[in-house]
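In my numbering, the protein residues as written are 81 to 254.
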């Protein structure tokens with residue numbers, strides 16, 4: 081009788097251990113399946129006109145900020161399951177759900193008033209004077225060039241890389 085009880089208790093113990101091992105073995109695979117696998121950091125943009133920036137990766141965390149600017153470029157600096165920690169052009173950081181992000185590359189004008197040029201040189205004709213904080217679509221940043229081609233209000237032109245936020249120093253976009 082004692083052997084039989086010991087056998088059932090042992091089976092329960094081993095069964096629980098085996099179940100825990102299986103669950104632990106599956107947990108990293110499930111987390112990895114939800115992570116994007118894309119490089120960090122990287123630039124993306126906001127998909128909606130209203131996006132909640134939270135203090136942590138989940139709906140239970142308080143909302144610290146509400147963005148109301150669709151296409152605003154943000155930098156993904158960390159990932160946790162379906163949540164992305166982002167940084168905006170002013171340095172604000174927080175978490176938002178991946179569904180609120182788009183892969184569309186955008187840029188924002190930095191510093192003072194900038195000249196949008198017709199070509200990729202400082203001698204190219206001026207197309208427009210653009211105020212800081214203006215958003216535009218990032219179209220091209222050729223390899224080994226200091227300028228990027230952008231589109232602002234259906235006007236295409238060129239800015240120096242250091243005049244915009246939304247592209248890394250050595251990054252090229254074709």
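Even for Gly, the Cβ is constructed at its ideal location relative to N, Cα and C. All of these numbers come straight from a predicted model, not from anything done at the bench.
In the DSSP annotation of this structure, the continuous segment of the beta strand (DSSP E) that includes residue 195 starts and ends at 194-197.
Listed in chain order, the non-local C-beta contacts of residue 207 below 7 Å within the same chain comprise 196, 197, 198, 235, 237, local neighbours out to five positions each way being set aside. CA-CA distance, residue 220 to residue 240, rounds to 12 Å. In the DSSP assignment, residue 125 falls within the beta strand (DSSP E) that extends over 122-126.
Note on residue 168: 16 or more other CB atoms within 10 angstroms of its CB, so buried under the neighbour-count rule.
Under the 10 Å beta carbon count, residue 137 is surrounded by 16 or more other beta carbons and is classified as buried. Within the same chain, 252 come within 7 Å of residue 223 by CB-CB distance, once the 5 residues on both sides are set aside. At the C-beta level, residue 215 and residue 129 stay beyond 7 Å of one another.
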